[in-house]
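Letter by letter, the sequence shown follows residues -17 to 97 of the working numbering.
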Amino acid sequence: MIKRTLPLFIACLALFGCDKDDIKNVSPCDLAMKELFKDDLQCTIDGETGYNLSKSNYEGKTIYYPTPISGCENCLHEPPKFGYTCEKEKIEIEDYRKLTAVALVYDSCKKVFVD
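Quick look at the structure:
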């Protein structure tokens, strides 16, 4: 009996045992940056506060940094002071107005990477 149910059990694990993160189409850099900032990327129970992972271009480099989650669309937040490149080079952000192509990478409340 075990010999017949084991393949079925393994197939079920393969189909339903996945983590919430669907990482099939996620770049290795996005995965590495999520791991680097894992202690910062959190969401409160109400989904109103915490931090997501974002990226943007800054002076010719793509950098990653945590961004605050807020239930307030028009609230002011302190801009990031630094970010990291895929090579884990720390980049100080001296002028946040030079951040371009800002994009959400990882939603900490939904626990999913964003395309």
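Quick reminder that beta carbons are idealized off the backbone N, C-alpha and C, glycines included.
**Prompt:** What does SER38 pair with, by DSSP beta-bridge criteria?
**Reply:** Translated into the one-based positions of the sequence shown, residue 38 becomes position 56. DSSP lists ILE45 as partners of SER38.
**Where ASP21 falls: helix, strand or coil (DSSP)** = Counting from one through the sequence shown, the residue named residue 21 turns up at place 39. Of the three classes helix, strand and coil, the one that applies to ASP21 here is coil, per DSSP.
**Item:** Beta-carbon proximity of PRO48 to LEU35, cut-off 9 Å
**Value:** For the purposes of this step, residue 48 is taken as residue 66 along the sequence shown, with counting starting at 1. For the purposes of this step, residue 35 is taken as residue 53 along the sequence shown, with counting starting at 1. Result yes, Cβ atoms of PRO48 and LEU35 sit closer than 9 Å.
**Request:** Check the DSSP bridge columns for ALA14 and list the partner residues they point to.
**Result:** Within the sequence shown, numbered from 1, the residue matching residue 14 stands at position 32. Paired residues: none, contrary to the question.
**Item:** Per DSSP, cross-strand counterpart(s) of LEU86
**Value:** Residue mapping note: residue 86 aligns to position 104 of the sequence shown, counting from 1. Answer by DSSP bridge pairing, in chain order: SER36.
**Item:** Residue burial classification, PRO61 (beta-carbon count within 10 angstroms, cutoff 16)
**Value:** Here residue 61 is taken as the residue at index 79 of the sequence shown, counted from 1. Exposed, by the Cβ-count rule.
**Item:** CYS91 versus GLY32 - alpha carbon distance
**Value:** Here residue 91 corresponds to residue number 109 of the sequence shown, with the count starting at 1. Here residue 32 corresponds to residue number 50 of the sequence shown, with the count starting at 1. Distance between the alpha carbons of CYS91 and GLY32 is about 8 Å.
**Other residues of its chain near GLN24: CB distance less than 7 Å, five sequence neighbours each side excluded** = If you number the sequence shown from 1, residue 24 lands on position 42. Around GLN24: GLY32, TYR33, SER90.
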